[in-house]
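Chemist: Residue numbers (this note's numbering): 109 to 766.
Glycine residues also receive a C-beta, built at the ideal position from the N, C-alpha and C atoms.
This structure is in structure tokens; I'll ask about it shortly.
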């Protein structure tokens with residue numbers, strides 16, 4: 109169900125507690141076309157989500173309030189307090205004697221309308237303690253004008269205040285075909301319930317459409333309708349729907365599913381929706397008729413899919429594509445900054461809603477790549493874009509960076525191509541990313557560094573040097589390029605780099621991988637991690653912080669990277685993909701791979717929790733004493749997984765000296 113937009117007045121000045129109070133006292137209200145709010149419901153404040161409300165007084169039009177389907181931009185959902193009386197208007201203009209009873213306004217839906225209905229008692233309670241709300245909802249016009257002037261003078265809202273509710277409003281204007289539609293399965297009316305249930309089970313659905321017996325419906329009356337109306341009506345008349353609930357009802361009636369025809373329990377009063385209709389229209393129909401599935405029909409009357417309520421609500425709650433749209437529409441650094449802030453809000457919301465950290469990180473990787481692409485497009489001419497390949501590396505390349513920790517990027521240039529301003533372009537790119545909140549890399553692994561901005565042949569020659577392992581930094585550089593992921597430009601350049609990585613590894617010293625693996629064991633004593641929990645057991649006071657990156661994330665990531673390189677799969681940068689490849693080549697069991705991935709994502713989730721609850725953007729340290737008993741138990745278990753994995757690497761590569 110849609111929620112209140114707390115970026116809009118009068119709700120944008122509410123405290124967290126006040127917002128929670130409002131949420132508890134808000135419900136959705138549907139009005140059919142020409143239906144009016146009854147007198148007993150004129151005790152609430154309403155927000156128009158979709159549709160239009162006309163306000164009148166004694167039959168005379170006063171005002172119109174519209175929803176997002178009539179709005180051109182954000183913050184345009186109208187709201188009105190139905191309790192407000194025309195008393196001040198009458199007195200100020202002396203239109204009636206004071207003894208004349210004051211008639212309330214009337215509110216009528218000029219089309220099908222969805223409202224959010226907020227209880228007046230809740231509004232009054234908040235108004236009594238929040239003078240800003242009281243001012244904006246005052247029935248005295250001067251007070252409301254004063255509030256308006258103050259808001260204009262102190263206006264602080266900008267596009268960065270874009271909220272989840274505003275994203276929902278835009279999604280509701282999208283066509284229903286943007287939602288994942290359930291496949292169409294049709295049975296005949298004389299088929300048995302058992303046959304229908306078998307189809308549902310096989311398809312993983314809770315319904316089938318039912319084709320009635322020939323002659324059940326008379327279509328002689330369709331001649332007066334136009335083509336679209338005929339197609340819709342034919343679909344409604346010629347198809348019904350049978351759900352798992354209907355089958356349960358038949359069993360409850362002691363009917364034999366093997367002999368009972370579907371026609372006896374199917375519903376042929378089928379509601380449908382056009383493929384061109386909006387998601388908001390679907391929500392209206394489902395709310396009005398209290399149904400959970402809507403067959404979607406095209407202009408010819410064919411059913412192209414079935415819109416399920418759960419799929420629609422999931423789509424409404426998934427806002428990342430709207431951020432993507434804003435990135436695409438960005439015209440300058442300022443507008444890109446807005447989208448970067450939206451990505452941060454998206455991360456917080458998804459984490460708060462319990463979405464798996466792996467799913468969040470991969471979506472963030474996609475959104476970040478779109479930001480980087482747009483920024484590069486704003487900086488360079490088309491010819492540079494066509495002759496170069498921009499890649500990201502490190503955790504960003506693996507799709508495992510959620511917080512904006514640092515930049516790791518490179519530029520592969522087509523052999524023979526030059527541009528006099530290329531160095532300036534890359535400097536501008538890295539500095540602008542820093543301005544957007546992506547810090548510069550401390551190790552200077554960025555394309556502003558000439559080493560990470562080279563034509564293809566010199567780049568591959570450099571990789572050959574790294575495989576010789578003649579310098580301790582070479583392993584770090586090689587790790588970075590192994591994690592490289594395409595962002596924009598000519599992707600074939602990265603493909604050639606990956607092909608060369610495989611070849612260079614095959615030609616390298618067989619002992620290279622053994623040395624490469626050592627880095628996974630270099631941080632901390634694997635046998636002493638449990639001592640961090642001593643303060644919980646009444647031991648002596650000590651620094652109980654655990655470095656999640658050194659103790660958990662890096663050993664797993666680099667160890668898995670090493671195993672992937674050994675098994676000649678350097679072309680997949682993400683840890684998840686590497687584990688999948690290792691299972692495919694029988695280098696690891698599926699159970700082991702799943703365990704390592706779960707441990708990695710737990711550490712990532714803990715880092716995100718720390719980042720969201722503190723000002724620590726790097727969020728590496730976690731104090732076990734601040735965790736719940738369950739979290740501490742899971743942390744210990746995941747650290748034990750790391751210990752076991754390190755021992756596995758030590759034995760596999762015969763690394764006795766850590």
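Output the distance between the C-alpha atoms of residue 453 and residue 472, rounded to the nearest integer angstrom.
Modeler: Approximately 11 angstroms, taken between the alpha carbons.
Chemist: Give me the Cβ distance between residue 497 and residue 597, rounded to the nearest whole Å; I'm assuming they're in contact under 8 angstroms.
Modeler: 4 angstroms
Chemist: According to the Cβ coordinates, are residue 281 and residue 416 closer than 7 angstroms?
Modeler: Their beta carbons are not under 7 angstroms apart, which means residue 281 does not touch residue 416 by this criterion.
Chemist: Could you check which residue in 177, 225, 220, 174 has the C-alpha nearest to that of residue 191?
Modeler: 225
Chemist: Use the C-beta contact count for residue 294: other C-beta atoms within 10 angstroms, 16 or more gives buried, fewer gives exposed.
Modeler: exposed
Chemist: Tell me, which residues are paired with residue 189 by DSSP?
Modeler: 153
Chemist: Taking contact to mean 3 or more Cβ pairs, one atom from each stretch, closer than 8 angstroms, check whether the stretch 560-573 and the stretch 597-608 are in contact.
Modeler: yes
Chemist: If you draw a straight line from the C-alpha of residue 368 to the C-alpha of residue 313, how long is it?
Modeler: 20 angstroms
Chemist: If I measure Cβ to Cβ from residue 509 and keep anything under 6 angstroms in the same chain, skipping five residues before and after, which residues do I get?
Modeler: Shown here for residue 509: same chain residues with a beta carbon closer than 6 angstroms to its own, the five before and five after excluded, namely 503 in chain order.
Chemist: Does residue 438 pass the burial test, meaning 16 or more other C-beta atoms within 10 Å, or should it be called exposed?
Modeler: It counts as buried.
Chemist: Whose CA, out of 457, 434, 455, lies closest to the CA of residue 446?
Modeler: 434
Chemist: Roughly how many whole angstroms lie between the Cα atoms of residue 271 and residue 692?
Modeler: In this prediction, residue 271 has a pLDDT of 47, which is less than 50 and means its spatial position is unreliable; what the coordinates show is noted afterwards. Their Cα atoms are separated by approximately 43 angstroms.
Chemist: What's the C-alpha gap between residue 394 and residue 680?
Modeler: 44 angstroms
Chemist: When DSSP labels each residue in this structure, what does residue 376 get in the three-state scheme?
Modeler: In this structure, residue 376 counts as coil in the three-state DSSP scheme.
Chemist: Can you check whether the CB of residue 629 is closer than 7 angstroms to the CB of residue 728?
Modeler: no
Chemist: Can we say the stretch 370-383 touches the stretch 399-410, given the rule of at least three CB pairs closer than 8 angstroms?
Modeler: Yes: the two stretches touch, three or more of their Cβ pairs being nearer than 8 angstroms.
Chemist: If you reduce the DSSP assignment to three classes, tell me which class residue 519 lands in.
Modeler: strand
Chemist: Buried or exposed for residue 534, please, with buried defined as at least 16 other CB atoms from any protein chain shown within 10 angstroms of its CB.
Modeler: buried
Chemist: Using the DSSP secondary-structure output, state which residues sit across from residue 315 in a beta bridge.
Modeler: 351
Chemist: So, does the stretch 682-691 touch the stretch 505-522, judging by three or more C-beta pairs under 8 angstroms?
Modeler: yes
Chemist: Distance, Cα to Cα, residue 710 vs residue 721?
Modeler: 17 angstroms
Chemist: Taking contact to mean 3 or more Cβ pairs, one atom from each stretch, closer than 8 angstroms, check whether the stretch 345-357 and the stretch 118-135 are in contact.
Modeler: no
Chemist: For residue 600, which beta-bridge partners are listed by DSSP?
Modeler: The beta-bridge partner set that DSSP reports for residue 600 is empty.
Chemist: By the 10 Å Cβ neighbour count, where 16 or more other Cβ atoms means buried, how is residue 550 classified, buried or exposed?
Modeler: exposed
Chemist: Does DSSP put residue 284 in a helix, in a strand, or in coil?
Modeler: helix
Chemist: Within the stretch 548-596, note down every full beta strand (DSSP E) run reaching 3 residues or more, in order along the chain.
Modeler: 561-563
Chemist: Taking 7 angstroms as the threshold (C-beta atoms), are residue 660 and residue 753 in contact?
Modeler: no
Chemist: For residue 713, which option in 580, 739, 670, 247 has the closest C-alpha, if you only look at C-alpha atoms?
Modeler: 739
Chemist: Whole angstroms are fine: how far does the CA of residue 588 sit from the CA of residue 621?
Modeler: 15 angstroms
Chemist: Please classify residue 357 as buried or exposed, where buried requires at least 16 neighbouring CB atoms within 10 angstroms.
Modeler: exposed
Chemist: Sort 573, 389, 707, 594 by Cα distance to residue 615 and report the nearest one.
Modeler: 573
Chemist: What residues match up with residue 118 in a beta bridge as DSSP calls it?
Modeler: Looking at the DSSP output, residue 118 sits in no beta bridge, so it has no partner there.
Chemist: Could you pull the start and end residues of the alpha helix (DSSP H) that residue 346 belongs to?
Modeler: From DSSP, the alpha helix (DSSP H) with residue 346 extends over 335-346.
Chemist: Does the distance from the CB of residue 545 to the CB of residue 448 come in under 7 angstroms?
Modeler: yes
Chemist: Let me confirm a value: residue 131 is counted as buried when at least 16 other C-beta atoms fall within 10 Å, else exposed. Which label applies?
Modeler: Result: exposed.
Chemist: Return the residue from the list 392, 391, 399, 382 that minimises the CA-CA distance to residue 408.
Modeler: 382
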